[in-house]
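Single-structure report; data block below.
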């Protein structure tokens, strides 16, 4: 699904060149659930931007779903983002003045899908994340966990080749984060390929494979023998009511 | 993304901040309203002016001494024999009269008044197409006999006679008694020019009383089409008879109408241009706010790009937003301008003239402003780097 060979990324910061990534080789098969971990500055965000076609690599090669992505034009990259990739951000990045439904519809609008089909698929996606009843709510009327579930629905809706989640639980309390992980695990069991960036090992242990980055290099590739099951944890350790209420910070969500 | 979706997305953008959108487009509203109102009022006013002038006698002309001429004015530029000569040699001239004017004291049974004493021939009532309220205009015989007869205008008759009938009664002009033979009905002057109170006496009598000059000539032709031609021939004849080329000048009602038409046209153009400038300023206002809006919505643009919007999609979104903003302003402005023009037309009793082409032009123009002043902000939005845009708070 994802094949990265000798990937390098160099930034020009004033007169200095900053090597953000060097000699990264990484292969992710369809249906894998991979966590990318590492301290800040390790290059994991740069990797996510490159995998998400938001940035262009300096050297090496990146194949997504059998297509060589490096060397694509802006418009082609936009199409890849639209059809092959679903983003889930730490800061949610929903458009604040639109309903959950309309937010989920956005990627389909850019894909040119007819309104009726769009509505059907948006409702379906919201149903999958358990928010069908909230589809006409705006982000400001939803909790942090619910907002992140809407953005997962948005990421799913064009049936992407891969879901890229950048610290999806970073702005959430433990219980909401666990719920998000439960949704990801369910999606993964349904066949979705997911790449998740996190700096919490606890979160990483929910996946089947963890790759570690340090100073722009891939330093370790670990298989998780017995991944944590988020649904089980929710049922066992955090029964509803004991969870530390929803943190409604003034966090930007769009 | 198709156009309909783009329009919907742009509408969402406009509707999210209604007050700001309205204030942004206010410049366009005012500009379009001003243009529409000015053009409508200008055209309405011109139509009224022209229809009033049409009502007046249009086949008349006047010949007088050109005051701009450097030649000495002798007071002998015209004489009574010129009148007969012109009527003889220029067949288009149907009536021609000498016209002499002087201010003098008029005394009637009720009051005394300073008025314009005008010496003319009997032709004058045909030239001016006088409507008689009482009696008749003096005749050729009155003129030939140097009779002391006078025709008053209605206003003067009321002033010096009060309610009593003026007809067949005596007045004095500069202490000389005259018999009133007629009263001219007040003419309609919709343009609002008020003339001095006046009375007409035979030119021969006038010359005996005051002096023997002839000040100017006034005449009419069979049709307004041949006025300018006849007038020119008359001037040439005068120059030949008096050996004074370049000393005379002439004017016809037709020429005055054209001049008035031109002046109102120029005025409409000038005010219209000022209104146009305000429209331009409005366009700059739209661009300014759109630039601010792009900066504010950088995050939104980043999100849209991450979800698959191409640079073209972003460009089109902001361009359509700007066009729609301007068209909205154009429509509101058109309604306001047409309403204002209608109101003013109603107050001034003019026909309200908002022509289709003005409305269409204003609509197209506001759309064009949207494109022109939207391009820069839209381009700025489309060129954002998605990563940086997403990082923006």
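Chains as they are written, first to last, in the numbering used here: chain A, 1006 to 1259; chain B, 685 to 1077. Beta carbons are placed, not taken as given, at the ideal position from N, Cα and C, and that holds for glycine.
- Rounded to the nearest angstrom, the Cβ distance from residue 811 of chain B to residue 744 of chain B is 6 angstroms, consistent with a contact under 8 angstroms.
- One alpha carbon belongs to residue 1106 of chain A, the other to residue 1032 of chain B, and they sit about 56 angstroms apart.
- Remark: fewer than three beta-carbon pairs, one from each stretch, lie closer than 8 angstroms, so the segment 772-789 of chain B and the segment 823-836 of chain B are not flagged as touching.
- When C-beta atoms of the segment 857-869 of chain B are compared with those of the segment 899-911 of chain B, fewer than three pairs fall below 8 angstroms, so the two segments do not count as touching.
- Inclusion of residue 887 of chain B and residue 862 of chain B in the CB contact set at 8 angstroms is not warranted, their separation being larger than that value.
- Interface with chain A (8 angstroms Cβ-Cβ cutoff): residue 1063 of chain B is excluded.
- Taking C-beta atoms as the reference points, residue 883 of chain B and residue 852 of chain B fail to come closer than 8 angstroms.
- Bridge partners of residue 1092 of chain A according to DSSP: A/1169.
- Of the residues B/796, B/921, B/932, the one whose Cα lies closest to the Cα of residue 899 of chain B is B/932.
- At a cut-off of 8 angstroms between C-beta atoms, residue 955 of chain B does not count as an interface residue with respect to chain A.
- For the options B/968, B/952, B/1047, the alpha carbon positioned closest to that of residue 731 of chain B is the one of B/952.
- Counting along the chain, no beta strand (DSSP E) covers residue 939 of chain B; the unbroken alpha helix (DSSP H) around it starts and ends at 937-980.
- Around the beta carbon of residue 709 of chain B, 16 or more other beta carbons lie within 10 angstroms, which makes this residue buried.
- Only residues of its own chain outside the window of five on either side were considered, and among them 1042, 1043, 1224, 1225 have a CB closer than 6 angstroms to the CB of residue 1217 of chain A, listed in chain order.
- With fewer than 16 other beta carbons inside 10 angstroms of its own, residue 949 of chain B counts as exposed.
- Partner residues in the beta bridge of residue 818 of chain B, as assigned by DSSP, are B/867.
- Listed along chain A is no residue with a C-beta nearer than 8 angstroms to that of residue 1016 of chain B; the closest approach is about 24 angstroms.
- When rounded, the separation of the alpha-carbon atoms in residue 1017 of chain A and residue 1072 of chain B is 15 angstroms.
- Of all residues in the segment 1059-1086 of chain A, only 1059, 1060, 1079, 1080, 1083, 1084, 1086 come within less than 8 angstroms of chain B when Cβ atoms are compared, listed by chain position.
- Residues of the segment 695-712 of chain B whose Cβ lies closer than 8 angstroms to any Cβ of chain A, in chain order: 696, 700.
- Collapsing the DSSP output to three states places residue 1113 of chain A in a helix.
- Collapsing the DSSP output to three states places residue 756 of chain B in coil.
- Using a Cβ distance threshold of 8 angstroms, residue 1133 of chain A and residue 1111 of chain A do not count as a contacting pair.
- When B/781, B/830, B/954, B/955 are compared, the shortest CA-CA separation from residue 893 of chain B is found for B/830.
- In terms of beta-carbon proximity, residue 1008 of chain B stays away from the interface with chain A, with every pair separated by 8 angstroms or more.
- Among the CB atoms of chain B, none fall inside 8 angstroms of the CB of residue 1105 of chain A.
- With a threshold of 8 angstroms between beta carbons, residue 1098 of chain A makes contact with chain B.
- Within its own chain, the residues whose Cβ lies closer than 7 angstroms to the Cβ of residue 1008 of chain A, once the five positions on either side in sequence are excluded, are 1032, 1068, listed in chain order.
- Taking the Cα positions, residue 1183 of chain A is about 12 angstroms away from residue 1210 of chain A.
- Around the beta-carbon of residue 996 of chain B, fewer than 16 other beta-carbon atoms lie within 10 Å, marking it exposed.
- Nearest CB-CB separation between residue 1114 of chain A and chain B: below the 8 angstroms threshold.
- Contact between the segment 1051-1065 of chain B and the segment 978-992 of chain B is present, with at least three C-beta pairs closer than 8 angstroms.
- For residue 800 of chain B, the secondary structure class from DSSP, reduced to helix, strand or coil, is strand.
- Taking 7 angstroms as the upper bound on Cβ-Cβ separation, chain B lies near no residue of the segment 1011-1032 of chain A.
- Scanning A/1024, A/1189, A/1038 for the CA closest to the CA of residue 1154 of chain A turns up A/1189.
- When secondary structure is reduced to three states using DSSP, residue 904 of chain B falls in the strand class.
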